[in-house]
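First the structure, in the form of structure tokens, and then the observations on it.
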Amino acid sequence: MTSPLPRYDRIASLVLIVVLGLAVILWIDINPNILRARLFGDLPTITVSWLLIASLVVITSAGADLLVRSHPQMQTRTLPTFNLGFMTVEVVPGFWILPSFCVIGSFAFFRLFSATLQGLAFVLALVAAGGLLLTVLVAQHYSLDRHPPTAQRARLILLVITYLLTFSCFSAIYFTRLRTLYAATLVGSTATLLAYEVLRWTSRQAGRRLALIIGLVLAEAIWALNYWPAPFLLGGTLMLVLFYVTTSLVQHHLAGTLQRRLLVEYGLFGSGLLAALIFATFGW
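For the sequence shown, our numbering begins at 31 and goes up steadily by one.
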């Protein structure tokens, strides 16, 4: 039986809406008189741009949800439901993560270069958000394919994009140099969601608990990294390496393939990259 093709018309419409919405938000964000709000105490300043990004994330998640639930493979599954009183709505929150982070990661990362790249950073953010979102939505469709090789290729693409978005978010958080409490909260929540995206294809139930543990590990790591005088790209790279090593080891654990040899290999890999990054930091 031939698997259905993705609904490219709906995917293109959603991507266009997101790109246009992000363009408006980026235009607002470059305005020096943008509305800023400081809640209380030493909490970070919140701009209207981030409130609009949150709204765009809701739209993106809703669109991705509708696309995934229309796949034939989802018709026979028991999905989580929201009881709204007058109606019950089925949702697939696991498929919200990457589409949402395509918007968040692109906005958070490329706005860091607005002072140096100016208008080019604006264009790169739109291209990255649109290209990544398009790829994610198509790959999510094929990740449910009945043909195992097709599904595996699609999940590999989603895995690569997950690591790219992880790097962009960690770099943006490291750039802000927030107090440890706030930085750890952002890193921990980001790492938990993206780790779940990696692990849910191996074990959905165990992946939730282990993703939370990975988030806590990364949140503790940012405490030490806040005292490390490294450029934000190197800081984001180190956080990505730690995320990659922990999620890979947990994946092998869930698959029952974790062996001493793998522990040694990942240990040497992580240590080697850490040494290289430290050398690059002091040589910067």
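Glycine residues also receive a C-beta, built at the ideal position from the N, C-alpha and C atoms.
Q | Closest by C-alpha distance to Thr215, when choosing among Asn61, Ile134, Gln182, Leu246 | A | Comparing Cα-Cα distances from Thr215 to each of Asn61, Ile134, Gln182, Leu246, the minimum goes to Leu246.
Q. Between the Cα of Leu164 and the Cα atoms of Asp39, Tyr204, Glu227, which residue gives the shortest distance?
A. Residue nearest to Leu164 within the set Asp39, Tyr204, Glu227 is Asp39 (criterion: CA-CA distance).
Q) Taking Leu156 as the reference, which of Gln281, Val119, Val45 has the closest Cα? A) When each option's Cα is compared against that of Leu156, the closest is Val45.
Q: Please check the pair Thr222 and Ile244, which I expect to be a contact at CB under 8 Å, by giving their CB distance rounded to whole angstroms.
A: Sure, about 7 Å apart at Cβ, within 8 Å.
**Q.** Which residues DSSP lists as bridging Thr111, in chain order
**A.** Note: Thr111 sits in a beta bridge opposite Glu120.
Q | Contact set for Val122: own chain, Cβ-Cβ below 8 Å, skip 5 residues either direction | A | Around Val122: Asp95, Val98, Arg99, Met104, Leu109, Pro110.
(Q) If contacts are defined as beta-carbon pairs under 8 Å, then Gly297 and Leu248 qualify, I think. What distance do you get, rounded to the angstrom? (A) Not confirmed; about 18 Å, so no contact.
Q. Is Arg207 helix, strand or coil by DSSP?
A. In this structure, Arg207 counts as coil in the three-state DSSP scheme.
Q.
Do Gly135 and Leu229 count as a contact pair if the criterion is CB distance below 7 Å?
A. Cβ atoms of Leu229 and Gly135: not closer than 7 Å.
Q. Among Leu56, Val133, Ile127, Ser79, which has the Cα closest to the Cα of Val48?
A. Answer by Cα proximity: Val133.
Q.
Contact between the stretch 137-146 and the stretch 166-180 is defined here as three or more beta-carbon pairs at a separation below 8 Å; is this criterion met?
A. The way I'd put it, the stretch 137-146 doesn't touch the stretch 166-180; fewer than three beta-carbon pairs between them come closer than 8 Å.
(Q) If you reduce the DSSP assignment to three classes, tell me which class Pro179 lands in. (A) In the structure shown, Pro179 sits in a helix (DSSP, three-state: H, G or I).
Q: Whole angstroms is fine: what's the gap from Trp126's alpha carbon to Ile55's?
A: When rounded, the distance between both Cα atoms is 21 Å.
(Q) Is Ile252 close to the ligand NAD? I mean its beta-carbon at under 6 Å from any heavy atom of the ligand. (A) By its list of ligands, the structure shown contains no ligand whatsoever, and the ligand NAD lies outside what it can speak to.
Q) So what does DSSP say about Trp126, is it helix, strand or coil? A) For Trp126, the three-state secondary structure derived from DSSP is coil.
Q. Who are the Cβ neighbours of Ala285 in its own chain at under 7 Å, not counting the five residues just before and after it?
A. The beta carbon of Ala285 is closer than 7 Å to those of Thr232 in its chain, skipping five residues each way along the sequence.
Q: Report yes if the CB atom of Leu81 is closer than 7 Å to the CB atom of Ala159, and no otherwise.
A: No; because the gap between Cβ atoms is not below 7 Å, this pair is not in contact.
**Q.** Assigned secondary structure, Ala53 (DSSP; H/G/I helix, E/B strand, else coil)
**A.** Ala53: helix per DSSP, three-state reduction.
Q) What number of angstroms, rounded off, separates the C-alpha of Ser278 from the C-alpha of Val168? A) If you take the alpha carbons of Ser278 and Val168, they lie about 24 Å apart.
Q: Determine the burial state of Gln170: buried for a count of at least 16 other Cβ atoms within 10 Å of its Cβ, exposed for fewer.
A: Buried, by the Cβ-count rule.
Q) Using CA coordinates, which residue listed in Leu304, Val275, Ala306, Pro259 is at the minimum distance from Glu295? A) Checked all of Leu304, Val275, Ala306, Pro259; the closest Cα to Glu295 is Val275.
Q) Just how far apart, CA to CA, sit His101 and Leu304? A) One alpha carbon belongs to His101, the other to Leu304, and they sit about 42 Å apart.
Q. Using a Cβ-Cβ cut-off of 6 Å (strictly less than) and excluding sequence neighbours within five positions of Phe131, which residues of its own chain qualify?
A. These residues qualify, in order along the chain: Leu195.
Q: Rounded to whole angstroms, what's the CA-CA distance from Pro259 to Arg207? Just pull it up for me.
A: The alpha-carbon separation between Pro259 and Arg207 amounts to approximately 10 Å.
Q) Which term fits Gly149, buried or exposed, when burial requires 16 or more other beta carbons within 10 angstroms of its beta carbon? A) By the 10 Å Cβ count, Gly149 comes out exposed.
**Q.** Secondary structure of Gln148, DSSP reduced to three states
**A.** Correct three-state label for Gln148: coil.
Q.
Buried or exposed, going by whether 16 or more other CB atoms sit within 10 Å of the CB of Thr287?
A. By the neighbour-count rule (16 or more Cβ atoms within 10 Å), Thr287 is not buried but exposed.
Q: Please work out which residues of its chain come closer than 7 Å, Cβ to Cβ, to Thr213, disregarding the five sequence neighbours upstream and downstream, and give them in chain order.
A: The sequence shown places Ala at residue 213, rather than the Thr named in the question. Closer than 7 Å at the Cβ level, and outside the excluded window around Ala213, lie Ile203, Ile252, Asn256.
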